[in-house]
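Down below is the structure, laid out as structure tokens.
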Amino acid sequence: MKAEWVNRQLDVAGLLEKSSCFLLGPRQTGKTSLIQRRLPSVLYYDLLDSATYLTMSRNPDRLAEEVGSSVKRVVIDEIQRLPGLLNDVQRLIELQDVHFLLTGSSARKLRRGGVNLLGGRARVKYLHPLTAMELGDRFDLNHALNRGLLPSIYFSDDPEADLTSYSGLYLQQEIMAEGATRNIPAFSRFLKMAAHNNGGIVNFTNIASDAQVARTTVYEYYEILKDTLILRELPPWRKTVKRKPLASSKYYFFDSGVVS
Numbered sequence: 040m041k042a043e044w045v046n047r048q049l050d051v052a053g054l055l056e057k058s059s060c061f062l063l064g065p066r067q068t069g070k071t072s073l074i075q076r077r078l079p080s081v082l083y084y085d086l087l088d089s090a091t092y093l094t095m096s097r098n099p100d101r102l103a104e105e106v107g108s109s110v111k112r113v114v115i116d117e118i119q120r121l122p123g124l125l126n127d128v129q130r131l132i133e134l135q136d137v138h139f140l141l142t143g144s145s146a147r148k149l150r151r152g153g154v155n156l157l158g159g160r161a162r163v164k165y166l167h168p169l170t171a172m173e174l175g176d177r178f179d180l181n182h183a184l185n186r187g188l189l190p191s192i193y194f195s196d197d198p199e200a201d202l203t204s205y206s207g208l209y210l211q212q213e214i215m216a217e218g219a220t221r222n223i224p225a226f227s228r229f230l231k232m233a234a235h236n237n238g239g240i241v242n243f244t245n246i247a248s249d250a251q252v253a254r255t256t257v258y259e260y261y262e263i264l265k266d267t268l269i270l271r272e273l274p275p276w277r278k279t280v281k282r283k284p285l286a287s288s289k290y291y292f293f294d295s296g297v298v299s
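Numbering (the numbering used here), first residue to last: 40 to 299.
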């Protein structure tokens with residue numbers, strides 16, 4: 040089955056017209072494809088492109104120079120790679136009323152890099168994997184359960200190989216490259232245990248034992264997964280009359296295929 044274009048419900052053109060916006064989502068959810076499809080004529084910077092990254096990192100003033108006084112809509116893809124650009128983005132928003140669409144696959148580096156500098160000047164939206172409504176007649180429940188709903192994997196001829204590659208790419212680009220942890224083997228063991236406990240009550244002591252790390256390290260690893268948008272935390276409900284309140288959060292991976 041070949042990859043196909045799927046109309047997404049998120050209106051990125053409408054978002055950019057109204058205000059500046061952060062568009063966050065895990066890798067391969069389709070952020071770049073959606074932007075290129077819906078905003079083909081907007082000034083666009085892809086920080087995954089080595090040449091663009093080097094140019095902007097060596098000369099941050101390049102952004103203001105190229106925007107000038109006439110450009111009013113700008114897209115910066117994977118902004119977490121150069122969080123220092125947010126200072127220039129903020130100035131252009133305030134002084135020239137430029138609207139920015141800033142995509143990112145990790146909130147971790149953005150927070151450390153000063154995303155709060157933008158304050159309320161940029162809205163935050165998330166792009167998730169495909170939905171049944173977006174797929175329409177192309178939705179297949181078995182496909183969704185077995186391979187997940189990441190566009191490139193849902194339509195893949197070899198989803199098992201692509202899912203394996205996705206896990207490796209995540210460890211390489213999101214964990215190693217960002218220096219989230221130095222102990223990659225331990226994090227890899229933890230990742231398998233976290234997937235095994237997807238949606239269940241987490242026993243941090245058992246996971247620490249299986250991953251061969253301290254219990255406190257497991258908490259840190261879960262924070263890394265949250266920051267890189269791989270999973271979300273469902274806090275325990277603490278106010279109830281008939282039932283004893285749950286004492287631990289549950290964690291849900293963003294995609295069923297990635298879990299498997």
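Ideal Cβ positions, reconstructed from N, Cα and C, are used throughout, including at glycine.
As the structure is a computational prediction, the values presented were derived from the model and not from experiment.
Next item on the list: In the DSSP assignment, find the beta strand (DSSP E) that holds Ala161 and state where it starts and stops.
Entry: 161-165
Check: Could you give the C-beta distance for Leu73 and Leu49, rounded to a whole number, given that I count them as a contact under 8 Å?
Finding: 7 Å
Check: Helix or strand or just coil, what does DSSP make of Met40?
Finding: Any reading at Met40 needs caution, since the residue's pLDDT is 47, under 50, leaving its predicted position unreliable; the model's value is listed next. Here Met40 sits in coil by DSSP.
Next item on the list: Can you have a look at Asp196 and say buried or exposed, based on whether 16 or more other CB atoms are within 10 angstroms of its CB?
Entry: exposed
Next item on the list: Quick one: grab the DSSP three-state call for Thr142.
Entry: strand
Margin query: Just verifying my parser: in three-state terms, what is the DSSP assignment at Phe194?
Written below: coil
Next item on the list: For Pro274, count neighbouring Cβ atoms within 10 angstroms of its own Cβ and tell me buried if that reaches 16, exposed if not.
Entry: exposed
Notebook entry, point to check: Quick one: what does DSSP say Glu272 is sitting in, helix, strand or coil?
Noted result: strand
Check: If we count Cβ pairs, one from each stretch, closer than 8 Å, do we get three or more for the segment 242-256 versus the segment 181-188?
Finding: no
Item checked: Supposed close pair Leu141, Gly69 - CB separation, criterion 8 Å -> With a Cβ gap of about 16 Å, Leu141 and Gly69 do not count as contacting.
Note to self: Taking 8 Å as the threshold (C-beta atoms), are Pro224 and Glu296 in contact?
What the structure shows: In the sequence as presented, Glu is not what sits at residue 296; that position holds Gly. No.
Next item on the list: Measure the Cβ-Cβ separation of Tyr291 and Arg271 and say whether it is below 8 Å.
Entry: yes
Notebook entry, point to check: Which residues in the same chain as Thr255 place their Cβ atom closer than 7 Å to its Cβ, once the five residues preceding and following it in sequence are excluded?
Noted result: none
Next item on the list: Enumerate in chain order the residues of its own chain whose CB-to-CB distance from Tyr92 is below 8 Å, with the five nearest sequence positions on each side excluded.
Entry: Leu86, Arg120, Leu121
Next item on the list: Output yes or no for whether 8 Å exceeds the beta carbon distance between Ile132 and Tyr84.
Entry: no
Margin query: Suppose the cutoff is 7 Å on Cβ atoms and the five residues either side in sequence are ignored; what does the same chain contact list for Asp100 look like?
Written below: none
Note to self: Can you tell me whether Ile263 is buried or exposed? The criterion is at least 16 other CB atoms within 10 Å of its CB, across all chains shown.
What the structure shows: buried
Margin query: Spatial neighbours of Val110 within its chain, please: C-beta separation below 6 Å, excluding the five flanking residues on both sides.
Written below: Leu82
Note to self: Closer than 7 Å to a non-hydrogen atom of the ligand PLP - does that hold for the CB of Tyr92?
What the structure shows: In the structure on display, the ligand PLP does not appear, and there are no ligands present to speak of.
Check: Just reading off the beta strand (DSSP E) that Lys70 is part of, what are its end residues?
Finding: Not the beta strand (DSSP E): Lys70 falls in the alpha helix (DSSP H), residues 70-77.
Margin query: Using only CA atoms, which one of Leu180, Ile269, Leu134 lies nearest to Leu208?
Written below: Ile269
Next item on the list: Following the continuous alpha helix (DSSP H) through Arg254, name the residue where it begins and the one where it ends.
Entry: 254-266
Next item on the list: Name, in chain order, the residues that DSSP records as bridge partners for Lys289.
Entry: Ile240, Leu273
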